[in-house]
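Numbering (the working numbering), first residue to last: 65 to 385.
Have a look at the structure below before the remarks.
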Ligand SMILES: [Mn+2]
């Protein structure tokens, strides 16, 4: 696939869909494609299907046009799925993929098995948004389209920090800046901004934290009562475990918070030596080598002790514990 325009020839109707619980890259990349088609191919009927999106992304153009329900049984000439590693993650929008005359997938998940008719999959690339950039003619990237792509890249690279960030990524970001986007505001308001309650609970989590294994493991617990006190929901606890992982000398960070049912949601981060995916999988969860999670039952201290033993076992293989 050389560009998106070549995929749109003789096409009258297009459906775009991304993964469930859409994040910055999913929202940004899907809206970039939507706005590109809506702006430059007005004769094409285009619909974007996504679950409700976080409020921070609502400044992007045409977020009010996103279809959250999938009531119609419309059959599309083309269905483009983005930032989605398998059809199971499309949620209700999967029916548009299943019934479309032709399908295209644009993605960077390593687990993607090329399930569409046409696949544009590059696992080493920072984000689906960076891939979408490569499929559009540069002169047709308006300021509004540039904002969408920039949001996606910023969120999937942790603001150009993760190892998936390449010199190419930075080059793309530079071109987007030249389109006149307010790049510092986008980063501040969609990535770093936290509510007062979110900052308070981050502070509480850090105050509650303890070091174990000669300072190589850090762990903390947030109870339901604490979440109620600061009026935060589980989704507001994002970022706490990464902050813990930044502690000097720490190899692994363990964050527990209480679910409604009284069980514990376990969040794990590693600085490289510990494979936290292995630990999470053993407890019925999953994730990546450096970032993983699971749900566990029992007393908080029992959960921490169980995880501690597994981290210790891995560190001893390195001869440092
Ligand atoms: Mn992504």
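Every residue, glycine too, gets a C-beta built ideally from N, C-alpha and C.
Candidates the options, of which the one nearest residue i by Cα
| i | options | result |
| --- | --- | --- |
| residue 215 | 121, 108, 73 and 372 | 121 |
| residue 217 | 227, 233 and 325 | 233 |
| residue 165 | 83, 240 and 72 | 72 |
| residue 191 | 78, 96 and 346 | 96 |
| residue 86 | 129, 237 and 118 | 118 |
| residue 259 | 296, 247 and 326 | 296 |
| residue 211 | 241, 229, 221 and 186 | 241 |
| residue 347 | 370, 170 and 363 | 370 |
| residue 132 | 147, 155 and 148 | 155 |
| residue 254 | 170, 358, 223 and 228 | 223 |
| residue 386 | 302, 325 and 231 | Past the boundaries of the shown model lies residue 386; the chain is included only from 65 to 385, so the question cannot be answered. |
CB contact flag (residue i, residue j, <8 angstroms)
| i | j | result |
| --- | --- | --- |
| residue 81 | residue 145 | yes |
| residue 340 | residue 351 | yes |
| residue 372 | residue 356 | no |
| residue 286 | residue 307 | no |
| residue 245 | residue 204 | no |
| residue 270 | residue 315 | no |
| residue 114 | residue 94 | yes |
| residue 99 | residue 209 | yes |
For residue i, the three-state DSSP class (helix, strand or coil)
| i | result |
| --- | --- |
| residue 20 | Residue 20 falls outside the range modelled here, since the chain spans only 65 to 385, and no answer is possible. |
| residue 122 | coil |
| residue 226 | coil |
| residue 65 | coil |
| residue 100 | helix |
Heavy atom of ligand 1 within 7 angstroms of residue i beta-carbon
| i | result |
| --- | --- |
| residue 191 | yes |
| residue 162 | no |
| residue 172 | yes |
| residue 150 | no |
Chain-order list of residues whose beta-carbon lies under 6 angstroms from that of residue i (same chain, five-residue window excluded)
| i | result |
| --- | --- |
| residue 189 | 172 and 195 |
| residue 177 | none |
Own chain, CB closer than 8 angstroms to residue i, minus 5 neighbours either side, in chain order
| i | result |
| --- | --- |
| residue 168 | 65, 71, 142, 143, 144, 145, 180, 181, 182, 183 and 184 |
Residue i: CB within 7 angstroms of a non-hydrogen atom of ligand 2
| i | result |
| --- | --- |
| residue 91 | This structure simply doesn't include ligand 2; it includes ligand 1 instead. |
Residues of its chain near residue i, where Cβ-Cβ distance is below 7 angstroms and the 5 sequence neighbours each way are ignored
| i | result |
| --- | --- |
| residue 288 | 322 |
| residue 213 | 92, 96, 193, 196, 197 and 240 |
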